[in-house]
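27 is the number that my numbering gives to position 22 of the sequence shown; each next residue is one higher, with no gaps.
Each residue gets a CB set at the ideal place from its N, CA and C atoms; glycine is no exception.
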Amino acid sequence: FLLAAAPLHFLRALAGSHRLNFGAMLAVAHTRRALQLQRQCITVVAAPALRRNFWNVSLPVLGGPGGAHVTKYHIVKPGKDGVEWDDFLIALPEREHLASFSKEVPLFIRYLKVVTDQESRPEAFTAFLERAKSGLVVESDVYVTTEELLALMWKNGYSESERNAVQFTFPSDYKFHYPELSVLFDLAEEDTYKFCMRTRMEASHIGELSWDQVKRKGFIRDHWLTFGVGLVIFKYFPFFNYYFGVKVFGTSMWCYTMWTGLNRFIAKTCRRNEYMAAQKTAQDVMEGEDSIVSSMRRFANDAKCVEDLKSFKGDTETKIASYRSALALKMKEDLAERALKQLQAIAAFEAGMGAAMQELVVREAASAFKEKFPGDKAMQDKAFTSAIKSLSGAQVTASDCPVASHFEAAFKSLQGVDLATSKADAKGSLAERVAFAQQA
């Protein structure tokens, strides 16, 4: 009756009504050892996808570094170093026999923060956070699943919003280990441990046990004690001589002892090497696939190239005509630009030459006037008369001014004169002076 009612009492404890005495439940659970022989008569049938296969069929559990481990119930489990698999209901393991691991619980911590804030239990959250800061160390198979927890909450009257909070926060395959249940529902950790173990036992869960704790102790002593007793017994039977006792039976026992001691080490080494070789092969395959894809990308536009080649002649003729037209326009533009620059240079040169010629003519005319004025009496009288007329306020014309008259006569003397062939004389007329200055 206690065994059947234990889940209901635990749910009531979760709901806050009262707490189940798990010590009594565990004591009663050990009475099931009497039913162990009957339980062993039940044939354990594995799922087809997990049965061991000898015909080179890939199994999902072979994908890890530990390979596959076949339990004594002919069920395939992932091979792990230092782990032995067994049925919890048959083995009834103690707490120290269970394999443990470090669990990262960031999702649970965020959910626990909300729950403890609503229930005003900040010290519980702080203690759990400190415990799980470097990883929560728990026994790997002492848990209840999300579906089991939701069913328990429904049976014990939790509201739909509370169940939805768990259902929508945690994935369906999440495993609530006993320390998480203890801090979440404010229960004793020992009680939640016992309930989780009972739940797993009722499901005949095949879980992980620590190999160092459950392995047979003193197997070498037992093997050679068997050898000695067998040798003493067999020597009294006919046809069991020295050769059979020492060579056959002794060698067989030695081989069995070595295999018992080294089979796990050999299996671990072979599986590790096989896994590393598979990883290396997979890496090589992936690199080869990447190389093939990169090579295929070079020819991705081959079909488009064929279409482009069909229209290549027409496109080329059109572009050649356009190119010739553009080339002629470019040459015309360059020629016009060069001619413009040349004409601009000629214009600048002519402007410079005109300015220089004008300056030269003015300078030579002024030099001729300076030389002629001191010795020309008529020019001096004319200058005196012009000055008097200017002082009197009368208008002075160009013919009255000796300077203007001289420059005008000098400039007129240059008309129609070829300075390149004219006689050069530094003291002569204006044309001769200019010719002398140019030829010099």
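Closer than 6 Å: residue i CB and nearest the ligand MG heavy atom
{"i": "Asp91", "result": "Absence of the ligand MG is noted for the structure shown, with no ligands found whatsoever."}
In DSSP terms, what residue i is bridged to
{"i": "Thr477", "result": "For the chain, the structure presents residues 6 to 445; residue 477 sits outside this window and is missing."}
{"i": "Gly212", "result": "Asp91"}
{"i": "Ser105", "result": "Glu144"}
{"i": "Val81", "result": "Val75"}
Beta carbon proximity, residue i to chain C, threshold 7 Å
{"i": "Val75", "result": "Reference to chain C is not applicable here, since this structure consists of a single protein chain."}
Cα-Cα separation between residue i and residue j, rounded to whole angstroms
{"i": "Ala272", "j": "Trp90", "result": "16 Å"}
{"i": "Leu157", "j": "Val234", "result": "56 Å"}
{"i": "Tyr78", "j": "Leu214", "result": "15 Å"}
{"i": "Ser107", "j": "Met281", "result": "25 Å"}
{"i": "Thr262", "j": "Val119", "result": "57 Å"}
{"i": "Arg115", "j": "Pro98", "result": "33 Å"}
{"i": "Phe270", "j": "Ala104", "result": "18 Å"}
{"i": "Val62", "j": "Val237", "result": "Per-residue confidence for Val62 stands at a pLDDT of 44, beneath the threshold of 50, marking its modelled position as unreliable; no derived number is given."}
{"i": "Pro111", "j": "Ser145", "result": "17 Å"}
{"i": "Lys240", "j": "Lys222", "result": "29 Å"}
{"i": "Ile393", "j": "Asp386", "result": "11 Å"}
{"i": "Glu342", "j": "Leu365", "result": "34 Å"}
{"i": "Asp122", "j": "Val171", "result": "16 Å"}
{"i": "Glu294", "j": "Asn278", "result": "24 Å"}
{"i": "Lys315", "j": "Lys309", "result": "10 Å"}
{"i": "Lys375", "j": "Phe389", "result": "16 Å"}
{"i": "Glu312", "j": "Lys318", "result": "12 Å"}
{"i": "Gly380", "j": "Phe354", "result": "40 Å"}
{"i": "Glu338", "j": "Gln347", "result": "14 Å"}
{"i": "Ile351", "j": "Leu340", "result": "16 Å"}
Own chain partners of residue i with C-beta closer than 8 Å, once the 5 adjacent residues on each side are dropped
{"i": "Lys220", "result": "Glu89"}
{"i": "Asp191", "result": "Glu124, Arg126 and Ala129"}
{"i": "His228", "result": "Met258, Tyr261, Thr262 and Thr265"}
Buried versus exposed, by CB contacts within 10 Å (16 or more), residue i
{"i": "Ala305", "result": "exposed"}
{"i": "Pro127", "result": "exposed"}
{"i": "Arg368", "result": "exposed"}
{"i": "Thr256", "result": "exposed"}
{"i": "Pro184", "result": "buried"}
{"i": "Leu334", "result": "exposed"}
{"i": "Glu101", "result": "exposed"}
{"i": "Phe325", "result": "Looking at the sequence provided, one finds Ile at residue 325 rather than Phe. Classification of Ile325: exposed, given that the 10 Å Cβ count is below 16."}
{"i": "Gln349", "result": "exposed"}
{"i": "Arg303", "result": "exposed"}
{"i": "Lys85", "result": "buried"}
{"i": "Met206", "result": "buried"}
{"i": "Arg329", "result": "exposed"}
{"i": "Ser391", "result": "buried"}
{"i": "Cys260", "result": "exposed"}
{"i": "Ala383", "result": "exposed"}
{"i": "Leu155", "result": "buried"}
{"i": "Ile143", "result": "Note that residue 143 is Val in the sequence shown, not Ile. Buried, by the Cβ-count rule."}
Residues near residue i by beta carbon distance below 7 Å, same chain, minus five either side
{"i": "Thr204", "result": "Val149 and Glu153"}
{"i": "Glu124", "result": "none"}
{"i": "Leu117", "result": "Phe130, Phe133, Val188 and Leu189"}
{"i": "His210", "result": "Phe93 and Asp146"}
{"i": "Lys180", "result": "Tyr148 and Thr150"}
{"i": "Gln218", "result": "Glu101 and His102"}
Nonlocal neighbours in the same chain, by C-beta distance under 6 Å from residue i, ignoring five residues either side
{"i": "Val66", "result": "With a pLDDT of 47 at Val66, under the threshold of 50, the modelled position of that residue is not reliable, and no figure is offered here."}
{"i": "Thr265", "result": "Phe224"}
{"i": "Phe232", "result": "Met258"}
{"i": "Cys46", "result": "Per-residue confidence for Cys46 stands at a pLDDT of 36, beneath the threshold of 50, marking its modelled position as unreliable; the derived number appears in the next sentence. Result list for Cys46: empty, nothing under 6 Å."}
{"i": "Leu141", "result": "Lys108 and Val110"}
{"i": "Leu186", "result": "Thr197"}
{"i": "Asp289", "result": "none"}
Touching by the beta-carbon criterion (3+ pairs, under 8 Å), the segment 133-150 and the segment 192-206: yes
The segment 127-140 touching the segment 164-179, judged by at least three CB pairs closer than 8 Å: no
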